[in-house]
Amino acid sequence: MKRFLVAFTAVLIFTFAASAQNNKGWYEADSLVFIPTAALDSSLVGKDVFGMISSEIHQSAQIKSGLASRIEKNASRKISGYRVRIFFDNKQSSRGDSEAALNRFRNMFPGVAAYRSFANPFFKVTVGDFRTRSEATSLLQQVKGVFPSAILIKENINFPVVNTSNSYVVDTVRVRRQTSAR
164 MKRFLVAFTA VLIFTFAASA QNNKGWYEAD SLVFIPTAAL DSSLVGKDVF GMISSEIHQS
224 AQIKSGLASR IEKNASRKIS GYRVRIFFDN KQSSRGDSEA ALNRFRNMFP GVAAYRSFAN
284 PFFKVTVGDF RTRSEATSLL QQVKGVFPSA ILIKENINFP VVNTSNSYVV DTVRVRRQTS
344 AR
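Numbered per the working numbering, the sequence shown spans residues 164 to 345.
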């Protein structure tokens, strides 16, 4: 995700810098960008619901401040769900092995969240954020060939992406590129 944002920002900066220069030696071309989908339904994020419907419902200031306090306290709250554990070991080489498993998984499934942790004496790699067991089972079946010891586990997860079929959207943008001197 961070790599995408850095690359996308670089493309935008390059495009604006190129447009400021003379058009000689420059051409426009299509370029693909990968835009991550929302991690949650963000249509009401940052909006005061009571303010939006104030003409229809009148609430006391205590209720409004209580709701605001509750939202602020639960901002980083996690939910109970399922993940697939693809690595769990405590050998001397486990640190490197867990990094290799994490990288291999990220290369195979670029849009799926992956987490590496250490709980003395075990290194663990878990993947995915699923609300239901059936969603997690689907990923488990996909990774079993590469990670035969993969198992389903129940733990606290981050909020899963809303668009479960795609964790990112591919779009095309026009960028200005410098022609190569021949």
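We treat Cβ as the ideally placed atom computed from N, Cα and C, and that holds for glycine.
query                                                                                             : result
Length of the line joining the Cα atoms of T300 and N253                                          : 25 Å
Contact between the segment 277 to 293 and the segment 242 to 258 (3+ Cβ pairs under 8 Å)         : yes
Local conformation of N319 per DSSP, three classes                                                : strand
Extent of the continuous beta strand (DSSP E) run through T295                                    : Note, T295: premise wrong, no beta strand (DSSP E); not H, not E.
Segment limits, alpha helix (DSSP H) that includes A313                                           : It is not in any alpha helix (DSSP H) - A313 carries neither H nor E in the DSSP assignment.
contact_flag[the segment 311 to 318, the segment 256 to 265] where n(CB pairs < 8 Å) is 3 or more : no
C-alpha distance - Q184 paired with F272, whole-angstrom precision                                : Residue confidence is low: Q184 scores 49 on pLDDT, short of 50, so the model does not pin down where it sits. Its coordinate-derived value is still stated next. The straight-line gap from Cα to Cα measures roughly 40 Å.
Inter-residue Cα distance where the pair is A400 and E318                                         : Because the chain is modelled from 164 through 345, residue 400 falls outside the range shown and cannot be assessed.
Beta-carbon gap between G244 and R294 smaller than 8 Å                                            : yes
Distance CB(R337)-CB(W189) smaller than 8 Å                                                       : no
S223 versus K241: straight-line alpha-carbon distance, rounded                                    : 30 Å
Residue range of the beta strand (DSSP E) that includes F281                                      : 277 to 282
For L302 and K236, the rounded distance between their alpha carbons                               : 32 Å
Cβ-Cβ distance between T335 and D193 below 8 Å                                                    : yes
Among E191, A277, I234, F286, the one whose alpha carbon lies nearest that of V306                : A277
Neighbour-count burial assignment, I352, 16 or more Cβ in a 10 Å radius                           : Nothing can be reported for residue 352, as the shown portion of the chain is limited to 164 through 345.
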